[in-house]
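When you line the sequence shown up against mature numbering (1 follows the signal peptide of the UniProt record, and there is no 0), it's residues -22 to -1, 1 to 369, in that order.
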Amino acid sequence: MKVLKFAIPALLIMAIATIGFWQINGKQDGDAFAKEKDNLKTVQPITPNVKNAKYEVKDGVKTFHLTAEPVKQEVSKGVYMKAWGYNGGTPGPTIVTHKGDKVRIVVKNNLDVPTSVHWHGLIVPNKMDGVPGVENSPKIKPGDTFTYEFTVKQVGTFMYHSHVNPAKQEMMGLSGMFIALPKKGNKIDGVKVDRDYSIMLNEWSLQGSPSDDGSMKDMDMGGMDMEKGSSSKDGKKDGMSGMDGFEEGKVPPGTYNVNPEAMMWNVFTFNGKQFPATQPMEVKKGETVLLRLGNISMQNHPIHLHGHNFKVVAKDGTPLPKAAQYEANTIDVAPGETYDVVFKANNPGTWIIHCHLPHHTAGMSDTEEGGMLNAFHYDGTPWPPAFQDKK
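Listed below in structure tokens is the structure:
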């Protein structure tokens, strides 16, 4: 009886201690699990002014749909261009995938000329590369549909664009962003990303007198569709024209055709929009921000961020080794290049990001900003006058 008398309290003490141990360690395990679960959360990439492509999953395959078609797009207030795009806009919708995804991209051609889609920077089977004639990849005839199928083998920032007469079709707007995320989470260079933004750089030559229907008044519709009056010194037509008398950035309201053969441009866009039509990018203090840049234009663009330094962590969809990474606040993005840069949101305010070629950020008047310009806006900070309609 004495043994039992002392044994019962001892057992109770052991039970209480065990329960306490379970509670303490259970909480620790729960916290660790919650932290790991948070690390595995995927932050949805955002392309300001552009939607992400919708998809459906069946039998383990993600299926996207793209339609190449004529589009009428407002690039800034009252300024419309008649271009080509995908799914009603240019750039087309951003395709977001994960490494290892099996994807099927069904492309419908609603143009009156053959087209294709090239997956810029992605490693795909030869038949799926979208370069007809010189590779074993088909043209998509007007009215036809072709399905591209491949497995995403990389992680990074890529683009897609036509590779049939690209000098014309790319410059008409047939392009978009393609993002390949890690299988799980949004860790970049070992750091969890809180925001993921993309900007596609482009330039346009809008021609013709302002009209409601985009008709090119006083235009010769034959040959290269050059403007009458765009001539060289000897009086012959100059195929290098396309400025149409407008100063860069100072195209008056109206509807215009795009001249894809021009080698001079008067409209410069982030994601198909000129400032102030560009949608600001929201951040919170303390967040880690990933910015993806893709240049589908024909010129270099030195992109400069105010108020912060960023770290360049990837180029052309390929992570840079630690020794090759560097900090900067301006990066020169050449045609066909993509860059991933990361910065810490540690300086509250509204901070612009823009091309540092002054004529690429010209506004409609001598006192306005425009063109290739957007901003990062910290949550809870006042909006400057130029952004009052963005509240």
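We put the CB at the ideal spot given by N, CA and C, even for glycine.
Using DSSP bridges, identify the partner residues of residue 59. Sequence index remark: in the sequence shown, residue 59 carries index 81 (1-based). According to DSSP, which records beta bridges pairwise, residue 59 is partnered with 51 and 234.
Residues in the same chain with beta-carbon distance under 8 Å from residue 362, minus the five sequence neighbours each way, listed in chain order, please. Taking the sequence shown and counting its residues from 1, one reaches residue 362 at position 384. Taken in chain order, the residues that qualify are 328.
On the three-state DSSP scale, how would you describe residue 185? On the sequence shown, position 207 is the one that residue 185 refers to. Correct three-state label for residue 185: strand.
Based on the DSSP output, what are the partners of residue 113 in its beta bridges? As a first step, residue 113 must be located in the sequence shown, where it is residue number 135. Looking at the DSSP assignment, residue 113 forms a beta bridge with 110.
Stretch-stretch touch, CB-based, cutoff 8 Å, three pairs: the region 239 to 247 with the region 288 to 303: no
Which of helix, strand or coil does DSSP assign to residue 192? Locating residue 192 in the sequence shown gives position 214, where the first residue counts as 1. Note that residue 192 scores a pLDDT of 46, beneath 50, so its modelled location is shaky and nothing firm can be said.
Tell me whether the beta-carbon of residue 67 lies closer than 8 Å to the beta-carbon of residue 49. Translated into the one-based positions of the sequence shown, residue 67 becomes position 89. Translated into the one-based positions of the sequence shown, residue 49 becomes position 71. Contact: yes.
Which of helix, strand or coil DSSP assigns to residue 334: The count along the sequence shown starts at 1 and reaches residue 334 at position 356. In the structure shown, residue 334 sits in coil (DSSP, three-state: anything other than H, G, I, E or B).
Residues in the same chain with beta-carbon distance under 6 Å from residue 52, minus the five sequence neighbours each way, listed in chain order, please. Taking the sequence shown and counting its residues from 1, the one referred to as residue 52 is at position 74. 58, listed in sequence order.
Closest residue to residue 173 among 330, 152 and 265 (Cα-Cα distance): Within the sequence shown, the letter at position 195 stands for residue 173. When only C-alpha atoms are compared, the closest one is 265.
The region 98 to 105 / the region 64 to 79 touching (three or more Cβ pairs under 8 Å): With the cut-off at 8 Å, the region 98 to 105 and the region 64 to 79 do not touch.
Inspect the CB distances between the region 174 to 185 and the region 18 to 29 and report whether three or more fall short of 8 Å. yes
Spatial neighbours of residue 285 in its chain, beta-carbon cut-off 6 Å, leaving aside the 5 residues before and after: Residue mapping note: residue 285 aligns to position 307 of the sequence shown, counting from 1. So the qualifying residues of the chain are 325 and 329.
Given residue 415, which residues of its chain have a CB within under 8 Å of its CB, disregarding the five upstream and five downstream residues? Residue coverage of the chain in this structure runs from -22 to 369, which leaves residue 415 outside it and unanswerable.
Burial state of residue 316, where buried means 16 or more other Cβ atoms lie within 10 Å: For the purposes of this step, residue 316 is identified with residue 338 of the sequence shown, where counting begins at 1. Classification for residue 316: buried.
Tell me the rounded alpha-carbon separation between residue 114 and residue 104. Within the sequence shown, numbered from 1, the residue matching residue 114 stands at position 136. Within the sequence shown, numbered from 1, the residue matching residue 104 stands at position 126. Distance between the alpha carbons of residue 114 and residue 104 is about 6 Å.
Evaluate residue 23 with the Cβ neighbour count: other Cβ atoms within 10 Å of its Cβ, from every protein chain shown; 16 or more gives buried, anything less gives exposed. In the sequence shown, counting from the first residue as 1, residue 23 sits at position 45. It counts as buried.
What is the DSSP secondary structure of residue 324, reduced to helix, strand or coil? Sequence index remark: in the sequence shown, residue 324 carries index 346 (1-based). Residue 324: coil per DSSP, three-state reduction.
Option nearest residue 340 by Cα separation, candidates 358, 308 and 254: By one-based count along the sequence shown, residue 340 stands at place 362. Considering only alpha carbons, the answer is 254.
Going by alpha carbons, who is nearest to residue 367 out of 258, 302 and 148? Working through the sequence shown from its first residue, we reach residue 367 at position 389. Taking only the C-alpha atoms, the option nearest residue 367 is 258.
State buried or exposed for residue 337, treating a residue as buried only when at least 16 other CB atoms are found within 10 Å of its CB. One-based indexing of the sequence shown puts residue 337 at position 359. Classification for residue 337: exposed.
Run through DSSP, which three-state label would residue 312 get? On the sequence shown, position 334 is the one that residue 312 refers to. Coil at residue 312, not helix or strand.
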